[in-house]
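I have placed the structure first, in the form of structure tokens, so that the comments after it can refer back to it.
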Amino acid sequence: MEYDAWSDLRKVFDAAAEKTGSAIAYSRLRLERAKCLNRLNGLYEELGRASYFALVRSREPDTASLVEQITRKRRELEELCAGLGEGSTVTCPFCAGQNRSDSTYCADCGAPLT
Ligand SMILES: [Zn+2]
Numbered sequence: 000m001e002y003d004a005w006s007d008l009r010k011v012f013d014a015a016a017e018k019t020g021s022a023i024a025y026s027r028l029r030l031e032r033a034k035c036l037n038r039l040n041g042l043y044e045e046l047g048r049a050s051y052f053a054l055v056r057s058r059e060p061d062t063a064s065l066v067e068q069i070t071r072k073r074r075e076l077e078e079l080c081a082g083l084g085e086g087s088t089v090t091c092p093f094c095a096g097q098n099r100s101d102s103t104y105c106a107d108c109g110a111p112l113t
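Numbering (numbering that gives the first Met the number 0), first residue to last: 0 to 113.
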């Protein structure tokens, strides 16, 4: 009798711990995605700066490495979004890219989604 009561209590605790664990994993994933999006926007900015100065100096911009980094980050972002598994999307008014409904910025062009 006593044992069963403890066993039930243990089950309740285990279930709570599991829920807490997945909540932590979820917020960690959201944090990772925010960081990834931040870095992606930073890379877009770098690309813009590199292109600007190349134009000003009438040179070919050396952007291959930046483009490659951006492509990699975009893939990473897509995976993080998929990992978070939120279904509905919002269309970017600038580039028509599909974004998750709770996105603040477009993952394609970095434009704010309002
Ligand atoms: Zn966009």
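C-beta: ideal position from N, C-alpha, C; glycine also.
Check: Those residues, in chain order, that have a beta-carbon closer than 6 Å to some heavy atom of ligand 1; Outcome: C91, F93, C94, G96, C105, D107, C108, A110
Check: Outcome for L54 when other beta-carbon atoms lying within 10 angstroms are tallied against a minimum of 16; Outcome: exposed
Check: As assigned by DSSP and simplified to three states, the class of R56; Outcome: coil
Check: Spatially closest choice to V66 from L39, S21, Y51, by CA coordinates; Outcome: L39
Check: Between the CA atoms of R27 and L8 - distance to the nearest angstrom; Outcome: 28 Å
Check: Nearest-angstrom beta carbon gap, A33 and R73 [assumed within contact, 8 Å]; Outcome: With a Cβ gap of about 15 Å, R73 and A33 do not count as contacting.
Check: N-terminal and C-terminal residue of the beta strand (DSSP E) that R90 is part of; Outcome: Here residue 90 turns out to be Thr, not Arg, going by the sequence shown. Element bounds for T90: 88 to 90.
Check: Span separating the alpha-carbon of D101 from that of D13; Outcome: 31 Å
Check: Proximity of G96 and C80 at Cβ, strictly below 9 Å; Outcome: no
Check: Sub-9 Å separation of I69 and L42 beta-carbons; Outcome: yes
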